[in-house]
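Protein chains in written order, with our numbering: chain G, 1 to 103; chain A, 1001 to 1236.
1. Less than 8 Å between the beta carbons of residue 1132 of chain A and residue 1180 of chain A, yes or no?
2. Along chain A, in chain order, which residues have C-beta atoms closer than 8 Å to that of residue 20 of chain G?
3. Buried or exposed for residue 1152 of chain A, going by 16 or more other Cβ atoms inside 10 Å?
4. Closer than 8 Å, CB to CB, is residue 38 of chain G near chain A or not?
5. May I have the straight-line CA-CA distance separating residue 1081 of chain A from residue 74 of chain G, to the nearest angstrom?
6. Pull up the distance between the alpha-carbon of residue 1111 of chain A and that of residue 1118 of chain A, whole angstroms please.
7. Would residue 1187 of chain A and residue 1216 of chain A be called neighbours here (beta carbons separated by less than 8 Å)?
8. Taking only beta-carbon atoms, is residue 1071 of chain A less than 8 Å away from chain G?
9. DSSP three-state label for residue 1102 of chain A, please.
10. List, in chain order, every chain G residue whose beta-carbon is nearer than 9 Å to that of residue 1185 of chain A.
11. Note down, one range per segment and in chain order, each alpha helix (DSSP H) of at least 4 residues found wholly within the stretch 14-48 of chain G.
12. Counting only the same chain and skipping the five closest in sequence on each side, list residues whose C-beta sits under 7 Å from that of residue 23 of chain G.
13. Going by CA-CA distance only, name the one from A:1158, A:1070, A:1165 and A:1053 that's closest to residue 1194 of chain A.
14. When the cut-off is 8 Å and only beta carbons count, does residue 64 of chain G lie next to chain A?
15. Out of curiosity, what's the CA-to-CA distance linking residue 1068 of chain A and residue 46 of chain G?
16. Using 8 Å as the limit for Cβ to Cβ distance, is residue 75 of chain G near chain A?
17. According to DSSP, residue 1148 of chain A sits in a beta bridge with which residue or residues?
18. Put residue 56 of chain G into one of helix, strand or coil per three-state DSSP.
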């Protein structure tokens, strides 16, 4: 790393570790203006932290692509059958009164 | 309230004392849009019917929330479908029995998330089928002066898409998710997949907002490190 970069880094109020620790807040856009200015000042002189941020952001975006799956029809039917059986066996009203009296 | 508590603990049925804003100013611009479909929240009438012991109301609520809660349970349980099914059974039966403890101070879905998270984590704790790995190897390293230990830090964000098909990336992420601590995985699922705010996650897990932030960041760092290593780069 060129010496000039190190010198300029020393002028920045934040270290790379502090920048990494603030990454979530920065990407969520919930930093105080002063902290954000220091954060962006550091990014302006530190390509390592820029690359770190890009890969951090990419990780979050990739995780979000996992998305939702449909609940399998047989699972939905099984659970509904279970619930109906449970409520029928005890009796919904009895169950309701029991739980409220016990509460 | 600790997330380590069992679903049998009556305190977990209590409603979080947080009123969620109808809009979400300042939401994480990285986060996916909230996945709650419009109109997916149960209205007061339906909840009142549930409180009155109406089985039909329970079935309507089941149809409203079962897909979402099943997915959350499935992700927290590391893809164990039979366990996820049992969790959902427990959640809706518990919702029917304990709905009188829901006072309307939070969204009904937040209360259901709370039941789901507790049931899923309780099941993991009892099963001892953990795939957790130590995080340290996959976290960034820094020198004593706070600078990156390994330089240069490589930007592999474009490489990921170039070298891996979308389903391969999803496979890598899914496997890495399974290796997180169960509570951290829960936080990631609720945040980065479900789009909940830190406050909502805190209410659903019993963690403090500060703890949610810390766990979320650490879990993301771990996932980032796992992806970097998979691509042949340093986790640093």
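For glycine and all other residues, C-beta sits at the position ideal for the given N, C-alpha and C.
To lay it out plainly:
1. yes
2. 1140, 1142 and 1221
3. exposed
4. no
5. 12 Å
6. 11 Å
7. It is a contact, given that the beta carbons lie within the stated cut-off.
8. Cβ-Cβ to chain G under 8 Å: yes for residue 1071 of chain A.
9. Assigned with DSSP and collapsed to three states, residue 1102 of chain A falls in coil, not helix or strand.
10. Near residue 1185 of chain A there are no residues of chain G at all, since even the closest Cβ is about 11 Å away, more than 9 Å.
11. Within the stretch 14-48 of chain G, the complete alpha helix (DSSP H) runs of at least 4 residues are 16-21, 23-27 and 33-45.
12. Excluding residues within five positions, the ones whose Cβ falls inside 7 Å are 53 and 56.
13. Answer by Cα proximity: A:1070.
14. yes
15. So the two alpha carbons sit approximately 41 Å from each other.
16. yes
17. According to the DSSP secondary-structure assignment, residue 1148 of chain A is paired through a beta bridge with A:1142.
18. helix
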